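Each residue of the sequence shown is one higher than the last, beginning at 12 in this note's numbering.
Structure, as structure tokens:
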Amino acid sequence: MKILAFDTTFKFCSVALMKNNKVFSLVNKGVSFQHSETIIPLIEKILSQSRTRLQDINFLSVTHGPGMFTGVRVGLSVAKGFSISLGIPIVSFSTFESVIYGFLLKNQQNDSLKRFRNILCVLSPSQKYSYYQFFKIYKSRKGFVPISKPGFGDIKYLNKILADKGNIYPLCVIGNMNDILRESLYYQADQKVFNFYSTSIEPNANDLVQLASVKKSLKRSSKIMPMYVKPHYADFSK
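Take a look at the structure:
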């Protein structure tokens, strides 16, 4: 099985290829707004390193957002182009899903996180605003489901949501939050109900390709649309 995954939703551009359960990955950290110029050379490089032909890929995986407007569209356009020209099926995930799966995978043996049943994933495209979504973690620590719609807001708005503990606590907060929001959340942290994971987690194709390897049969689709999120109050599932 060969899966090619790429993420262009935020400032980094990353590509990963899983071949016979071995993962090859590349990240370009200096992309800024040059995703369209960077993604194809990265894909060509990883195919060369893994000695794989593009036409031999079994699945493509891409994140459909939320994220930077141009970056999201670049990734989807490349995936659709390969899919149409070569007949390769696409499996698509939200940026939140990719980040959370990678976090849980890396922290399976972290006992301090086992008491947390909910995760807030916060992804910041700018210094002023952030995307967010709440998820419930399965007891097995191997899966999760959304318990709110995706949202978009500034630091004041996010702090207002977290001030109302409701039924979302105990809560673990992860993501690539901007510095201002990170500092604000750090000072709110209460270890009894709220855990702030201080290490920044950027969306990346390495996590995405591993998520695709276990969920490809559930997420295969011929119609992949970008996720655009407008500001609104969190709407929690009952």
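Beta carbons are placed, not taken as given, at the ideal position from N, Cα and C, and that holds for glycine.
Computed from a predicted structure; not experimentally measured.
Around the beta carbon of Glu108, 16 or more other beta carbons lie within 10 angstroms, which makes this residue buried. Boundaries of the beta strand (DSSP E) harbouring Pro157: Phe155 to Pro157, taken from the DSSP string.
Of Lys150, Val89, Ser94 and Leu169, the smallest CA-CA separation from Pro52 is found for Val89.
Going by beta carbons, Gln138 and Pro157 fall outside the 8 Å limit. Pairing Lys33 with Gly164, the inter-Cα distance amounts to about 39 Å.
Note on Leu115: 16 or more other CB atoms within 10 angstroms of its CB, so buried under the neighbour-count rule. By the Cβ rule, the segment 112-126 does not count as touching the segment 89-102, because fewer than three pairs are nearer than 8 Å. If the five residues before and after Ser135 are omitted, its C-beta is found closer than 8 Å to the C-beta atoms of Ser141, Tyr142, Gly186, Asn187, Met188, Asn189 and Leu192, all from its own chain and listed in chain order.
Taking C-beta atoms under 8 Å as the contact rule, Phe21 and Pro161 fail to qualify, at a distance of about 15 Å. The Cβ atoms of Val83 and Pro237 sit closer than 8 Å to each other.
When the Cα atoms are used, Lys125 and Asn118 turn out to be separated by approximately 9 Å. In this chain, the beta strand (DSSP E) harbouring Gly164 covers Gly162 to Asp165.
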